[in-house]
Every structure is written in structure tokens, then in C-alpha cells.
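For the sequence shown, this note's numbering begins at 167 and goes up steadily by one. We put the beta carbon where it would ideally sit given N, CA and C, even for glycine.
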Amino acid sequence: MTYIINDVTPSNIISKKEVIKEIYSKYGVCIMPGFLSDDKDFLEFKNELRILLDQICSKKSSECLPDELGDKLTEFLKICPEDGKIVTDLGTQPNKFSSFNRIKYADYLGDIIKLLLGPNPLVASPAAGDTLHFFGPGKSFRRYNLPPHQDYQYLMQSPSQITCYLGISDYKKDVGGLKFWSKSNELGILPCEKNENESFCVSNHEELLKEYEENDFHWNSGDFGIFDSLLVHSSIPNYSENSGRIVQIFRFSDLNNDVSRGYDFQSTYYKRRSIDFDDYHK
């Protein structure tokens, strides 16, 4: 058995829940390639991202962007390099797309999350739990790639926490992905330092992780992963010259946890951009 389980779809996932639980319990991660590839809500979410990128780009250029989202992102960033954040803000803290939220709060996924969190969970979502990430090609985007870390330190709310990872764009050579150390969640909450980009990094990670297997996974559109937020992982940078990578990440916490009760279930909150009425309508 590995951390990958194939041929899982929203319609059959409940029948495979015990296998998923066994894999997750053993490795701290379970990845289901192509899980949402044909899901109507996922396809709608992707189409809405296309529409928004096209609309924003049309303000600066009459050029038609490619249809595939990774290619569309690359061309978009050439024309309006600072405007990707407009769309990522809509997919982040919290995600504002109703199509995405139908995925996040689908009954089948809720059942799996409750099963993996253990007996009698009180399930919540941390304030900074939803993140839409764009990884464009080129060195300017390397700063968004994170060193070996655990997600919990960024989010708080509860150390009993699950990260869900969803591939949005098609995989292409050298666009990067996720590196993780399977079973490393068994180390618990680890001491961290912040690097020059204010990103958390597990202290002394080379020594701590030397006994754990290092794995790389490159996400394709519709691939879905569930991993323990204490699993140590890092970004694989996008080294391609002309391909983009888009992923959606979201989390769930169990509030029925002694550590979580110790600080009253509080989440980390990162301020996003906003606008007041008077800012635009003078």
C-alpha cells in the first residue's frame, strides 16, 4: 500500500472510506489522482477562474488568452503581472466562489473529514484556511515557495487539523508541485523559525527528517489530496519557462482538542485587500 489510491470519485468515495482512513493513518497523507476531474462543481469553478482572468486581462489587451488555466495564467501574467492577486484574493481567506464552496462542504467530503479526525470531532474551518495559489514561471514567483514546514503554525485553531489540496491546472513538465515527508506528522508540533520571506521553516529539519521518506507529487487538474496539517512538506518551485501552476488549498480543524481549548480555538488571521464605498464612489 502507498499513499496514493486510484479510481476514487465523489460518487464512490464513501465505499472506499476505510481504505482512505487506513492510508491516511499510516502515512499522514492520502492522494486521489483525478478525483474531481469530471465533477460539475469543479468544472464550474475552473470556468469561473477562466472568465475572471479573461475579464481582467481585457481591460489592458484585446489578446485572447489560451483556454487551459496554466497556459492562461502564463499569458495573463505577461500582460498584467500585478493583477493575479485580484483572483487569488477571491479564492482566499475565505474562498468566495460558491462553486468551490459546494466542493468544500459536500456531504461526502464532510463524512471523510469526520472519519479521519477521530471520534466525536467538532469540525470547523480556520480563518486563513482557504488559499488559492498561482505559481507563474520565472524567478519572481520563487518567493512564494515555502521551505519545509507544517501548516498548523500558519493557521492555528487546532493542531488536530486536515489540509485538503486540489490541483486546478494541467500538469506540465517543470511546473513544480509538493514535496512531503510521509509519516512525519507523528513528530507532533515542531519548533519553527521564520526565513527572510517571513515563512515558517521547521528548525533543524534535515536532522529531524532524515529517517522519513521524502516524496514528490506533481498535481494534475482534479487531483485531490488530504494530509495531516502537521505533516512536514515544502513547495517544489515552478522552474518552467512558459507554464503556470494553480492549486486550491483548504483546511478543517477538530475543536475537540485539549491544545485548541487552551487558547480558545483562535485562528491566525491575515488581512486581505478590501475597499470601502467611498474609496470608489466619491
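- Beta-bridge partners assigned by DSSP to residue 381: 346.
- Taking the Cβ atoms as the reference, residue 351 lies roughly 4 Å from residue 397, within the contact range of under 8 Å.
- Apart from sequence neighbours up to five positions away, the residues of its chain that approach residue 414 with a beta-carbon distance below 7 Å are 257, 266, 298, 332 and 334, ordered along the chain.
- Taking all protein chains shown into account, residue 419 has 16 or more neighbouring C-beta atoms within 10 Å of its C-beta and is therefore buried.
- If you check the CB distance, residue 326 and residue 356 do not come in under 8 Å.
- Taken through DSSP and simplified to helix, strand or coil, residue 331 comes out as strand.
- In the three-state DSSP reduction, residue 424 falls in the helix class (H, G or I).
- Relative to residue 342, the option among 294, 311 and 227 whose CA is nearest is 311.
- Taken atom to atom, the span from the alpha-carbon of residue 184 to that of residue 268 is near 24 Å.
- Secondary structure of residue 413 (DSSP, three-state): strand.
- Taking a cut-off of 8 Å for Cβ pairs, the stretch 188-201 and the stretch 210-224 do not touch, as fewer than three such pairs fall below it.
- Residue 294 places its beta carbon 8 Å or farther from that of residue 319.
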